[in-house]
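The sequence shown begins at 7 in the numbering used here and counts up one residue at a time. Report on one structure; see the data block that follows.
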Amino acid sequence: MVEPAVPDEWIPLPDAVAVLLGRLTFYSAWLDDVLGEAVVLANPDATHLGQSTPDWAASGKRLVAAVRGITVYPPVTEQLADRLAALVETRNHLVHGVWMWRDDAVMVMKRSMKPGERHVEYDRFSYQEILDLIRDYQVLGSFADRFVSILRKNVKRPYEDRYTCPTDGTPLEGSLVDDVIVQLCPACGFTASATPAL
């Protein structure tokens, strides 16, 4: 038997509310990935090597700056960057904060370090406000996905330009060995591999 919560205490999240954190994390990561692909597709010097594109994956603010820096279709990229910037701070607060539940609302506490002091931020969100944020991510993600489709059709990037040996520029040959993707340079023997996440 579960004991009733004391009215003045913050209680553990109901499952329906905890699911919101998973949905928010999923849709925000999906949007980051789609926009990261847009940054790579729109950069004519991009290769499969991370240093060939801006460090967009380091933070939401850097992704906003990288999207803003896309020179193809600037009205679209400006709108994408503006809409992403409006979501990033709230997303960070929700994803990196501690959630507590009371009176049909989520209270989020997020600790941060400012120069010389510890800082704690608190915010309160209704269930509906979090649902609305998730919906904003879904809509923006669909918009970004369409933008990437347009870039794929209009920005010609041959396969060899994206997957070449970092040592000598030879196109890499790909194979699947025991569920691991292996790329091999036939000229110098350089190998790279990608193991699927478990």
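Idealized CB from N, CA, C, for every residue including glycine. Source: prediction; values computed, not measured.
On the criterion of 16 or more Cβ atoms from any shown chain inside 10 Å, does residue i qualify as buried, or is it exposed?
i	result
residue 83	buried
residue 128	exposed
residue 124	exposed
residue 97	buried
residue 73	buried
residue 103	buried
Could you check the C-alpha separation between residue i and residue j for me, to the nearest Å?
i	j	result
residue 113	residue 25	15 Å
residue 191	residue 173	9 Å
residue 99	residue 116	6 Å
residue 85	residue 134	25 Å
residue 43	residue 64	15 Å
residue 137	residue 189	42 Å
residue 87	residue 66	10 Å
residue 126	residue 118	6 Å
residue 107	residue 20	8 Å
residue 167	residue 177	Note that residue 167 scores 46 on pLDDT, short of 50, meaning its location in the model is unreliable; the coordinates nonetheless yield the value given after this. Answer to the nearest angstrom: the Cα atoms are 8 Å apart.
residue 78	residue 38	18 Å
residue 49	residue 109	49 Å
residue 144	residue 33	6 Å
residue 198	residue 28	32 Å
residue 147	residue 36	7 Å
residue 75	residue 18	42 Å
residue 130	residue 170	49 Å
residue 121	residue 71	24 Å
residue 95	residue 175	40 Å
residue 23	residue 101	13 Å
How many whole angstroms separate the CB atoms of residue i and residue j, which I take to be in contact at a CB cut-off of 8 Å?
i	j	result
residue 140	residue 30	5 Å
residue 142	residue 93	6 Å
residue 62	residue 45	5 Å
residue 158	residue 47	7 Å
residue 111	residue 132	5 Å
Going residue by residue through the stretch 129-165, where are the continuous alpha helix (DSSP H) segments of at least 4 residues, counting only ones entirely within it? 133-160
What are the complete alpha helix (DSSP H) segments, minimum 4 residues, inside the stretch 53-126? 66-74, 80-102
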